[in-house]
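In our numbering, the protein residues as written are 408 to 593.
Dropping the structure here:
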């Protein structure tokens, strides 16, 4: 089914370097702490936790359960997740990509194995934005942010950025949302 959704990808920064220098059991524990916090925050904000992929989580807002305020709940969840990871004092930071647009949602797979997910350009751009986000910041598509930026917590700033993303001929306009006390650098 085609529908407008907001997609979130949250991804650990510098994971490869962490995996080289940290004991793997400790890294797995830290990831599970982050995934547990992410699951709680996402579910509280009416998201479907689509999947965990190595060091990342993908979530859908407005699918499969309708949510007319999916952009707002996605932004609230993204900020909540940044705050949670910071508060948990994990040995890593995360970057988050948010994007809103039309996607195909539904079960995919074959035989006895199917998975509810979303596919399309909206999803691809959200994943690319996540990959470009520095630790502790959100890169969100312009449509996601319409009417939301004035409601950001005071400790967050924002700026418009023009990004070249893999697979797109034209640059993508997005908002970089970052904590003011660290200027979003990682």
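Each residue gets a CB set at the ideal place from its N, CA and C atoms; glycine is no exception.
Note that the coordinates shown come from a computational prediction; the quantities given were computed from them, not determined experimentally.
With contacts defined by Cβ atoms closer than 8 Å, residue 510 and residue 572 do not form a contacting pair. Runs of the alpha helix (DSSP H) spanning 4 or more residues and lying entirely within the region 437-510 occur at 477-495, in chain order.
With 16 or more other Cβ atoms from the protein chains shown falling within 10 Å of its own Cβ, residue 467 counts as buried. In the DSSP assignment, residue 415 forms a beta bridge with 466 and 505.
Three or more Cβ pairs drawn from the region 474-483 and the region 545-556 lie within less than 8 Å of each other, which places the two stretches in contact. Under the 10 Å beta carbon count, residue 557 is surrounded by fewer than 16 other beta carbons and is classified as exposed. Under the three-state reduction of DSSP output, residue 514 falls in the strand class.
A Cβ-Cβ separation of about 5 Å places residue 412 in contact with residue 469 under the 8 Å criterion. Sixteen is the threshold: since fewer than 16 other Cβ atoms of the shown chains lie within 10 Å of the Cβ of residue 436, the residue is exposed.
Taking all protein chains in view, the Cβ of residue 514 is surrounded by fewer than 16 other Cβ atoms within 10 Å, so the residue is classified as exposed.
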